[in-house]
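The block underneath contains the structure these notes are about, expressed in structure tokens.
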Amino acid sequence: MFNKELRKQIGQRVKLRRKELGLTLQYVAERMDVSASTILRYENGSIDNTKKLIVEGLADVLRVSPDWLLGKTDEIEDTHSDEMIVKIEDLIGEILSDYPLAVGDVENEFSKEILLLLLYEFRGFNEQFVFAVQNYTKPGEVTRDLAKMAKASGEKVNQKEINSSMFAWQVKSFSSRLNLIADCVRDYAREPVRAKADILALLRNYIYD
């Protein structure tokens, strides 16, 4: 295959995959540390996009194998097709690459503890959120127990208000724990030892669960 043809094929596949993931030229460019116009030229094959470092960089950003970009296979090994998941993974990678922070060891550990705790909390939120959506967002439906209680008391059931209240109750613990974490962060400047101890106490709920 001539170099010109290979450039064209790589460019077509880069553009196809970028659009499939819903990523902008600028987004890909920032992760390649080049300009958006350079990515555009990679896509139209007007500049050399066949170099190993370029192909590997594009493959990494687009969650595909270099062989797929080069046309050596038609199988996309990576199953990513969600723009938000790609961006979440990229952001988590950037956060991790920030370490060590330009502070002391103790402060670095505190920051990492906060990050780990937030991830644990968010995982718990997802579980609560799924349950709340599945049970308290269906128009015209209330839980069987609440319906029985309302019938026994003779009170009229306001399904919308009950669902809204139950949804809020189901996810409120997430907000409460975020407030506890925020309090620890605010306390760090004044009482760092206590703030760190409080964060570790919250972490133990997950680490030793």
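Under this note's numbering, the sequence shown has 204 at position 204, and the numbering climbs by one with no breaks.
C-beta atoms are modelled at their ideal positions from N, C-alpha and C, and glycine is treated no differently.
Around the Cβ of Val193, a 10 Å sphere holds fewer than 16 other Cβ atoms; the residue is exposed. With fewer than 16 neighbouring CB atoms inside 10 Å of its own CB, Trp169 falls in the exposed class. For Gly93, the enclosing alpha helix (DSSP H) begins and ends at Glu83 to Ser97. With a cutoff of 8 Å on beta-carbon distance, Leu203 and Glu113 are scored as near each other. Scanning its chain for C-beta atoms nearer than 6 Å, with the 5 sequence neighbours on each side dropped, one finds around Ile76 the residues Val64 and Trp68, in chain order.
Inter-segment contact for the segment 21-37 and the segment 80-96 is present: three or more beta-carbon pairs are separated by less than 8 Å. Distance from the Cα of Asp60 is smallest, within the candidate group Asp48, Arg18, Asp98 and Leu116, for Arg18.
Between Leu70 and Val55, the C-beta spacing is below 8 Å.
Apart from sequence neighbours up to five positions away, the residues of its chain that approach Phe125 with a beta-carbon distance below 6 Å are Phe174, ordered along the chain. In the three-state reduction of the DSSP assignment, Asp74 falls in the coil class, being assigned neither a helical nor a strand state.
A distance below 8 Å separates the beta carbons of Tyr136 and Phe167. Shown here for Asn108: same chain residues with a beta carbon closer than 8 Å to its own, the five before and five after excluded, namely Tyr99, Pro100 and Leu101 in chain order. Per the C-alpha coordinates, the member of Ala132, Arg13, Val106 and Asn49 positioned closest to Ser165 is Ala132. Around Gln128, the same chain offers Gln170, Val171, Ser173 and Phe174 as residues with beta carbons nearer than 8 Å, after the five sequence neighbours per side are excluded.
For Val64, no alpha helix (DSSP H) segment is defined, and its DSSP state is neither H nor E.
The beta carbon of Glu20 lies closer than 8 Å to those of Ser81 in the same chain, with the five residues before and after it left out.
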